[in-house]
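Heads up, the sequence shown stops at 773 in the working numbering, and the numbers go up one at a time, no gaps.
In this text, a Cβ means the ideal position worked out from N, Cα and C, and glycines have one as well.
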Amino acid sequence: MKLSSKMIIITMILIVVMGLLTMGAITTIVEQAMTQQLEEQGLTYARMAADNVANPLLDGNILIVQRTIENLLQTGSGIAYVYVIDNTGKVVAHTFSGGFPTNLTTINILEANQLTNTILLNVQSQGLIRDVGVRILEGLNAEVHVGFSQNNILQWIYNVRKLMLNLTLYGVLLGSVAALILSSLITKPLKMLAAHALRLGKGDLEEDIIIRGKDEIVELSLCLNRMRKDLFTGMQKLRQSEESNRTLLEAISAAGEGIAVFQDNGSQKTVTKFVNKQYEHLTGYTKEELLEMGVNQIVRPESREQVNEVWNRYHQGLKLPKQIEISIKRKDGSKLIVEASYCTITYEGSRAIICINRDITEKKKTSLEIIRKNRELAALNELSKAISGRMDLKDKLNEALNTILQVLGKQAGWIFVYNQRENETQFDLMCQIGILPEEALAQTQQFQNCNHFAKPNSNSVQVHSSLSTACPIKRLKLPDGTKALSHVYAPLTYKGRVLGVLNIIDSDPQSFTKEDLNLLNPIGMQLGVAIENAELWVELNKKEMLRKQLLNKVITAQEEERKRIARELHDESSQSIAALGVGLKSAIEIMRLDKEYALTILEDLKKNTSTILKELHHIIYDLRPSLIDDLGLLPALRWYVESRLETTGIEPQVTFSGNPIRLPDEVEITIFRIVQESITNAIKYSNAENVYLGLEFGHNSLVVSVEDDGVGFNVEESLDQKGGKESFGLLGMRERAELIGGKLDIYSWSTRGTRITLKLDFPSIEEERYEEN
Numbered sequence: 001m002k003l004s005s006k007m008i009i010i011t012m013i014l015i016v017v018m019g020l021l022t023m024g025a026i027t028t029i030v031e032q033a034m035t036q037q038l039e040e041q042g043l044t045y046a047r048m049a050a051d052n053v054a055n056p057l058l059d060g061n062i063l064i065v066q067r068t069i070e071n072l073l074q075t076g077s078g079i080a081y082v083y084v085i086d087n088t089g090k091v092v093a094h095t096f097s098g099g100f101p102t103n104l105t106t107i108n109i110l111e112a113n114q115l116t117n118t119i120l121l122n123v124q125s126q127g128l129i130r131d132v133g134v135r136i137l138e139g140l141n142a143e144v145h146v147g148f149s150q151n152n153i154l155q156w157i158y159n160v161r162k163l164m165l166n167l168t169l170y171g172v173l174l175g176s177v178a179a180l181i182l183s184s185l186i187t188k189p190l191k192m193l194a195a196h197a198l199r200l201g202k203g204d205l206e207e208d209i210i211i212r213g214k215d216e217i218v219e220l221s222l223c224l225n226r227m228r229k230d231l232f233t234g235m236q237k238l239r240q241s242e243e244s245n246r247t248l249l250e251a252i253s254a255a256g257e258g259i260a261v262f263q264d265n266g267s268q269k270t271v272t273k274f275v276n277k278q279y280e281h282l283t284g285y286t287k288e289e290l291l292e293m294g295v296n297q298i299v300r301p302e303s304r305e306q307v308n309e310v311w312n313r314y315h316q317g318l319k320l321p322k323q324i325e326i327s328i329k330r331k332d333g334s335k336l337i338v339e340a341s342y343c344t345i346t347y348e349g350s351r352a353i354i355c356i357n358r359d360i361t362e363k364k365k366t367s368l369e370i371i372r373k374n375r376e377l378a379a380l381n382e383l384s385k386a387i388s389g390r391m392d393l394k395d396k397l398n399e400a401l402n403t404i405l406q407v408l409g410k411q412a413g414w415i416f417v418y419n420q421r422e423n424e425t426q427f428d429l430m431c432q433i434g435i436l437p438e439e440a441l442a443q444t445q446q447f448q449n450c451n452h453f454a455k456p457n458s459n460s461v462q463v464h465s466s467l468s469t470a471c472p473i474k475r476l477k478l479p480d481g482t483k484a485l486s487h488v489y490a491p492l493t494y495k496g497r498v499l500g501v502l503n504i505i506d507s508d509p510q511s512f513t514k515e516d517l518n519l520l521n522p523i524g525m526q527l528g529v530a531i532e533n534a535e536l537w538v539e540l541n542k543k544e545m546l547r548k549q550l551l552n553k554v555i556t557a558q559e560e561e562r563k564r565i566a567r568e569l570h571d572e573s574s575q576s577i578a579a580l581g582v583g584l585k586s587a588i589e590i591m592r593l594d595k596e597y598a599l600t601i602l603e604d605l606k607k608n609t610s611t612i613l614k615e616l617h618h619i620i621y622d623l624r625p626s627l628i629d630d631l632g633l634l635p636a637l638r639w640y641v642e643s644r645l646e647t648t649g650i651e652p653q654v655t656f657s658g659n660p661i662r663l664p665d666e667v668e669i670t671i672f673r674i675v676q677e678s679i680t681n682a683i684k685y686s687n688a689e690n691v692y693l694g695l696e697f698g699h700n701s702l703v704v705s706v707e708d709d710g711v712g713f714n715v716e717e718s719l720d721q722k723g724g725k726e727s728f729g730l731l732g733m734r735e736r737a738e739l740i741g742g743k744l745d746i747y748s749w750s751t752r753g754t755r756i757t758l759k760l761d762f763p764s765i766e767e768e769r770y771e772e773n
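Structure below.
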């Protein structure tokens, strides 16, 4: 018994010792594994928290930072607290409900070269806490601290020790074998747990910990499984967050957004700190070149004021504009218009501005082109309204000039038109705005000899922006008292002909833009059409008035012709026929008494009959020459010219050229009447010595010309004589020419006589040629 007792005691001692040793070993292994796992878990959660609060902290959005760490506290397992320190060492967010412990920030402070650090704290209210500190961004002093409670680990170790102690006591009671068996049963799952714990520490979170049974070891394995699942879920969220950030960056890059970070250095000079590939592509510079340049070096002068305003607001702590349009100068010198978005961030531990740039050059060009087109259309529409409705040319041009000055934003200008008078080009001042009429008239006179512009027949818009001291325009003053320093010439054209000139002056040498000049070109053509229409309207009214007078004259001429025919028939033919009747009666009576004498009387009456017949032939020929019907136009014209001129002392010369053909009756009689009127006028008014008649036949054309070497006359004055005989003769000739589709030109010189030319084109007709004789 003693030996047994000793053996039992020894066994019991051995069992107790082995149990105690086993308990110590197992608790040590579990404590190391769980401590290592807790440290790995702490680093994982702390890094995840640092990634999640980095962007909101840089943007200054503390509310999002607070919500992020609160969500982490609620979802994380074993987290006792979380707090965030900014770049200045100030706590910006924490999860302590009773206020932040003031001495906590001085316990676990990261050194300048440290990214993470973990220490064990003994907090009076929470027990042992493992504080894990992680730097948010490399180069920044901002930190995230996550505290993990070790109470769970201690509790589990305590439970294990208690369990082991109980098992040891049971083993003492059951004996050495039971102790050995129990020790074996306990050691094996603990080893498995230790192996799994080591595997978890290495980051293998996909495989479950499978330990069958219903003891505390299984519960411990279940706890480890829950911890594994929590870590696995956190890692997945972290990966998803990283994937989302990566996708966002790729989307921004794919959209062509250029990103740049600008910062003030110590001397308050703005420098570029970061650019992406898209920004390099936008500017044409390399990253190295951009980092050495100031922000204003690539900004064009017209946009520097906007950029300076952004930096002024930044320095004053005001809200930056979300979007502005600025112009930048690329490396090749070309202009680029970008839409820039600004916001304030913390970069490398200091405040900075991040700028996102989007190229809108083509969009801006399209928009400006649409605006320019709309402006031109609106201007032309207003001009069209101004020149429509009224028929007085001066009123039209005055209203048009007022509209043009309003559209261009100018103060002064004038318009004059050219007139062709007696083969000499003259001008008429039509209207002026902003200068006195006498000044506009004087400028118009001097403008004809100005060397700065092309001759009046130039049909292109010209601008002169550097007036010399000798230029008379420079002496003009605008309504606001300033001097004229620039001048534009816009011809008023119609079908290539310059009908007038629009002159506009301004006090700014560079005020006339390319768009203004492009707009003035269609305005000049539109005003040219208005001038031409006004002149045609005047000409039409004049022609209509003359046509009415001609119609009255024709009716009067018809009556006069009838009176003449009646008078000639009464005074000559009627008297001759009456005398013939009396003579025949006398001859009949004398025939009975003296046959010889009666025959003599009949012979005289026969001669009188021939005279009467000639008189009737003359009257009939004046009404319509039968020679035209019998032989044609050419013999009739030759006979008429020679017979009419032989008693006047004027020498006739008649020539025909080409291949003469017969024309329709109405054409031939019209040509005959035109020649007849021309010869009559030459006999009455020219005092000529020679008259030339020429007919030139071409292919489907005919030119008839009547020319004399007399004194000539003023064609315009003759046509303007109201009620004058000459004007209606000339007008009647033109009317006859137009009726057969011809054109009549009248030229006259005081020393060279008069030439009347009829040009006639006719379609192909069946040719009937004259006999050679």
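Nearest candidate by alpha-carbon position, reference residue i, set the options
i    : options                : result
Q74  : V146, T366, V463, D131 : V146
N357 : I337, T106, D86        : I337
R135 : P472, L121, N108       : N108
L220 : L318, Q323, I157       : I157
F762 : I588, K743, G753, L110 : K743
E325 : T757, V123, N113, E305 : E305
G42  : T118, V275, V463, A579 : T118
G481 : I435, N687, D392, E596 : I435
R516 : I415, L593, A587, I404 : Here the sequence assigns Asp to residue 516, which means Arg is not the residue at that position. Taking only the C-alpha atoms, the option nearest D516 is I404.
S149 : G133, V123, E668, N166 : V123
N714 : G741, S686, L580, I588 : S686
C223 : Q278, Q155, E280       : Q155
D131 : E309, E596, V667, Y83  : Y83
P472 : E666, V501, L167, A440 : A440
Per DSSP, cross-strand counterpart(s) of residue i
i    : result
E117 : Position check: residue 117 holds Asn in this sequence, whereas Glu was assumed. Looking at the DSSP assignment, N117 forms a beta bridge with G133.
D708 : V691, T754
R351 : T346
S701 : G698, D761
F713 : BP columns for F713 are empty, so no partner.
A340 : I324, N357
Neighbourhood of residue i by C-beta distance below 6 Å, restricted to the same chain and skipping five residues each side
i    : result
E696 : S657, G658, V703
G724 : Low confidence applies to G724: its pLDDT is 45, below 50, so where it sits in the model is not reliable, and the reading given next is rough at best. None.
D506 : K410, S486
N265 : V271
P652 : V641, E642, L645, V691
D51  : none
7 Å CB neighbourhood of residue i in its chain, flanking five on each side removed
i    : result
T272 : A260, F262, L290, L291, M293, V295
N521 : V461
E532 : Y494, L499
D208 : N225
CB contact flag (residue i, residue j, <7 Å)
i    : j    : result
L320 : Y347 : no
L478 : Q406 : no
S748 : G710 : no
G413 : L401 : yes
S705 : T670 : no
K394 : A530 : no
A587 : L602 : yes
K329 : I298 : yes
K331 : G284 : yes
M34  : R161 : no
L58  : I345 : yes
Q278 : G258 : yes
Sequence-distant residues of the same chain with beta carbon closer than 8 Å to residue i, five excluded per side
i    : result
I62  : P56, V92, A93
E138 : L115
Cβ-heavy atom distance, residue i to the ligand FMN, below 6 Å
i   : result
R67 : No copy of the ligand FMN appears in this structure; indeed no ligand is present at all.
Checklist entry - Are at least three pairs of beta-carbons, each pair with one atom in the region 78 to 86 and one in the region 357 to 364, less than 8 Å apart? => result They do not touch, by the three-pair rule.
Next on the checklist: Three or more C-beta pairs under 8 Å: does that hold for the region 636 to 655 against the region 667 to 684?
Outcome noted: Judged by Cβ distances under 8 Å, the region 636 to 655 makes contact with the region 667 to 684, as three or more pairs qualify.
Checklist entry - Are there three or more Cβ pairs, one per stretch, closer than 8 Å when the region 730 to 747 is compared with the region 682 to 694? => result Two segments are said to touch when three or more pairs of C-beta atoms, one from each, lie closer than 8 Å; by this definition the region 730 to 747 does not touch the region 682 to 694.
Checklist entry - If you pair each beta-carbon of the region 522 to 529 with each one of the region 427 to 441, do three or more pairs fall below 8 Å? => result At 8 Å Cβ cutoff, the stretches do not touch.
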